[in-house]
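All remarks here apply to the structure that follows.
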Amino acid sequence: MENARISQWLILLVCALLLLISEASYVPITIVQNAVAKGAVCLDGSPPAYHFDRGFGSGINNWLVAFEGGGWCNNVTTCLARKTNRLGSSKQMAKLIAFSGILNNREMFNPDFYNWNRIKVRYCDGSSFTGDVEAVNPVTKLHFRGGRIFNAVMEDLLAKGMKNARNAIISGCSAGGLTSVLHCDRFRALLPRGARVKCLSDAGYFINGKDVLGEQHIEQYFSQVVATHGSARNLPQSCTSRLSPRLCFFPQYLVSRITTPIFFVNAAYDSWQIKNILAPGVADPEGHWHSCKLDINNCSPDQLDLMQGFRTEFLRAITVLGNSSSKGMFIDSCYAHCQTEMQETWLRSDSPELKKTTIAKAVADWFYERRPFHQIDCPYPCNPTCHNRVFDPQDDHPGKNVTAKGTSDASATKPNFPKLTNKAQWIELVCISRGISGLLLTLVLLVIL
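Under mature numbering (1 follows the signal peptide of the UniProt record, and there is no 0), read the sequence shown as residues -24 to -1, 1 to 425, first letter to last.
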């Protein structure tokens, strides 16, 4: 008994040391219980949630609201699959999550936004917060209420002080990055007229591109998302008044009409888009692209040519932004997806750069109007600062990052350990999630880190 108690104390000590050297902080969950009465619920009917780290010092009236990503569900079957995990139920969400990158509360890792009120809104509706179907099927009991979740969370944050914001950003990664585009002007309208309010989309510029067979599979997919969730009423009217709602899920058709300043951080070879727009499984039934999609170093010359063609298509789609200083962009040539909330790509000694400028500095300079930023990288593989993703062959989730910096990264060669990208994830696994137990392994992890 005494030995067990000593062991527990030692594990706590090791976890405390890990927290001290971590590049992230941990923030508890807030469940928005009163949202249920408004019908603003997750797919399974549970209340929405967010994580809130309060601002301090000079940042007390500044607000950063980041929306979580996680793809979409396009029919009853795929939405039902989410009811039993965090993407469809707040009951399944972690009680603590790591805040890193643009959400970090340490000045050395996030010099321009570290002391802001920083919020991470959890994603549990499958529609980039656009759904609004009143009826609930008595059999599936699915709720398509993403638009109501957006409104309920905004009301909750406004009541907690956001109504007094002097500076504010709506941001997000992937499906969350699309959320910040679709709700950009709506977010601005909620805040004081004299406040500086801007939007930031990370890996959210999904293009209406053709797959390797020449089909526009992604357009059909987004059409199903819009129809399933009843999203049309919550998409920007500046787009739906001109085009079919299914097209208004693509930023290229609506960003020219967005009046609020907006910045795009995106990889020209976005790993999610390569996997799901250029070479989705339906267009590659024999799996010729499987190895290439896991690691860009495995791509054949012909595959790289098609990826270069996708980059050209992506750049053509983003030219609608024009050259206005109110619309910024950091388009690198990395094989990546989501770069603002990962410390290693947001701001670190080896972070990706364009014109010797990190993503963190580019976004901050643009937000504070110190200088505009509108940079597009040269074609792959010209940028040595890239953190190219390498995916685990067993990984079924196309957006999950398992290691950075390609196969040359040391973490890719450590045997028998989960491929986690930073200290924060090890802490979450060992100290919070309790996925690995035992003092010996904890000490081994400490040595590795």
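Yeah, the Cβ is synthetic: ideal placement off N, Cα and C, and Gly gets one too.
No experiment lies behind these values; they were computed from the predicted model shown.
Query                                                                                                                                                                                        : Result
Taking the continuous beta strand (DSSP E) assigned at W39, which residues delimit it?                                                                                                       : 38 to 43
Among L297, L72, K331, whose alpha-carbon lies nearest the alpha-carbon of S309?                                                                                                             : K331
Roughly how far, in whole angstroms, is the beta-carbon of W248 from the beta-carbon of I78, given that I think they are within contact range, below 8 angstroms?                            : In fact, because the Cβ distance is near 19 angstroms, the residues do not count as touching under 8 angstroms.
May I ask which residues mark the beginning and end of the beta strand (DSSP E) holding T53?                                                                                                 : Note, T53: premise wrong, no beta strand (DSSP E); alpha helix (DSSP H) at 52 to 58.
Going by Cα to Cα distance, which pick from V339, V173, H159, L211 is closest to P87?                                                                                                        : V339
Can you tell me whether P4 is buried or exposed? The criterion is at least 16 other CB atoms within 10 Å of its CB, across all chains shown.                                                 : exposed
Alpha carbon to alpha carbon, what distance is there between C354 and V231?                                                                                                                  : 24 angstroms
Tell me where the beta strand (DSSP E) around Y313 begins and ends.                                                                                                                          : Per the sequence shown, the amino acid found at residue 313 is His instead of Tyr. Careful: H313 lies outside any beta strand (DSSP E) and carries neither H nor E.
Distance, Cα to Cα, Y2 vs A74?                                                                                                                                                               : 5 angstroms
Who are the near neighbours of V188 in its chain, counting only those whose CB is closer than 7 angstroms to its CB and skipping five residues on each side?                                 : L254, A255, A259, D260, L282
Just to confirm, is the Cβ distance from T236 to C175 under 8 angstroms?                                                                                                                     : yes
In the DSSP output, what is P4 paired with across the bridge?                                                                                                                                : L72
Pull up the CB-CB distance for S150 and C358, whole angstroms please, since I reckon it's below 8 angstroms.                                                                                 : That pair is no contact at about 25 angstroms.
Using DSSP with H/G/I as helix, E/B as strand and the rest coil, what is S301?                                                                                                               : coil
Give me, in chain order, the residues of the same chain whose beta-carbon lies closer than 8 angstroms to that of L416; leave out the 5 immediate sequence neighbours on both sides.         : In this prediction, L416 has a pLDDT of 40, which is less than 50 and means its spatial position is unreliable; what the coordinates show is noted afterwards. There are no such residues.
Look up E329 in the DSSP assignment and give the residues it is bridged to.                                                                                                                  : T334
Just to confirm my understanding: we take S384, look at its own chain, exclude 5 residues before and 5 after, and list those with CB closer than 7 angstroms. What are they?                 : Annotation note: pLDDT 26 at S384 (below 50); position unreliable, no value reported.
Please report how far the alpha carbon of R233 lies from the alpha carbon of F28, in whole angstroms.                                                                                        : 31 angstroms
What separation, rounded to the nearest whole angstrom, lies between the Cα atoms of A244 and P114?                                                                                          : 43 angstroms
Compare the C-beta of H363 with all C-beta atoms of chain D and state if any pair is closer than 8 angstroms.                                                                                : In the displayed structure, chain D is absent; only one protein chain is listed.
Are the segment 91 to 103 and the segment 14 to 30 touching, with three or more C-beta to C-beta distances below 8 angstroms?                                                                : yes
Along the chain, where does the beta strand (DSSP E) containing C175 start, and where does it finish?                                                                                        : 172 to 178
Per DSSP, what are the beta-bridge partners of F28 in this structure?                                                                                                                        : I95
As a quick exercise: from M138, E131, T54, I183, pick the residue whose alpha carbon is nearest that of R94.                                                                                 : M138
For I194, write down the residues that DSSP places opposite it in a beta bridge.                                                                                                             : DSSP output for I194 lists no bridge partner at all.
Starting from Q9, trace the alpha helix (DSSP H) in both directions and tell me its first and last residue.                                                                                  : Careful: Q9 lies outside any alpha helix (DSSP H) and carries neither H nor E.
Please work out which residues of its chain come closer than 7 angstroms, Cβ to Cβ, to R30, disregarding the five sequence neighbours upstream and downstream, and give them in chain order. : N93
What is the rounded straight-line gap between the Cα of E262 and the Cα of V366?                                                                                                             : 21 angstroms
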